[in-house]
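> Residue numbers (the UniProt record's numbering): 1 to 147.
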Amino acid sequence: YFPLDSDRQEIRLLEIQSGQLDDPLVCSLVYASISDPDNVPYSTLSYCWGIRKEVATMALSIAMRSPLLQGPTQLLQIQVQANLHNALRYLRHERGGPRVVWADAVCINQQGIEERNQQVAMMRDIYVCAKDVRIWLGEGDGKTPPM
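1) Using the C-alpha atoms, what's the distance from ARG116 back to GLN110?
2) Does DSSP put GLY142 in a helix, in a strand, or in coil?
3) The beta strand (DSSP E) that contains VAL100, what's its start and end?
4) Closer than 7 Å to a non-hydrogen atom of the ligand NAD - does that hold for the CB of ASP104?
5) In the DSSP output, what is MET58 paired with across the bridge?
6) When we look at the beta-carbon of CYS48 and count the other beta-carbons within 10 Å, is it buried (16 or more) or exposed?
7) Alpha carbons only, please: which of SER33, ILE62, VAL80 is nearest the one belonging to VAL55?
8) Measure the C-alpha to C-alpha separation of ASP36 and ILE11 and round it to an integer number of angstroms.
9) Rounded to the nearest angstrom, what separates VAL120 and ASP132 at their Cα positions?
10) Would you say LEU84 and ARG134 are within 8 Å of each other, going by their C-beta atoms?
11) Taking the alpha-carbon positions, what's the LEU75 to ASN39 distance?
12) For TYR42, which residues from the same chain have a beta carbon less than 7 Å from its beta carbon, with the 5 sequence-adjacent residues on both sides left out?
13) Return yes when the Cβ of MET58 is within less than 8 Å of the Cβ of LEU21, no when it is not.
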């Protein structure tokens with residue numbers, strides 16, 4: 001993770017690449033400021049973190065912190081909770097083209113205590129500035145849609 005600029009109320013967003021439901025999940029991590037009125041529209045994702053032992057792998061491309069610092073991106077294979085992985089797959093499958101979401105487990109550096117505390121304090125604003133909130137309850141049962 002590149003550090004966030006707290007003065008700009010900076011956050012990380014996941015850009016989910018389009019694909020079929022069973023395709024490998026590929027996302028890019030991009031940086032945005034919630035205080036910028038021209039910010040990229042994003043959805044927030046509310047979900048249960050699930051059991052820590054249930055994990056899945058996704059490809060994550062980390063872009064440079066600033067568009068002015070053009071350079072190579074890093075493609076990593078990371079593990080996320082299976083419940084989050086399923087939610088992102090369904091969000092991606094829902095419509096064509098990339099979808100931009102904020103999901104706390106990936107968009108916040110969970111190992112950085114100072115950043116985590118600062119981002120948790122901003123969560124109300126992160127949700128308020130989102131274009132919508134998606135709530136993941138599971139894959140659905142035929143009568144109920146997944147999202």
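No residue lacks a Cβ here, since even glycine has one placed at the ideal position from N, Cα and C.
Reading off the structure:
1) 6 Å
2) coil
3) 99 to 102
4) In the structure on display, the ligand NAD does not appear, and there are no ligands present to speak of.
5) ILE78
6) exposed
7) VAL80
8) 11 Å
9) 19 Å
10) no
11) 24 Å
12) LEU13, VAL100, VAL101, TRP102, ALA130, LYS131
13) no
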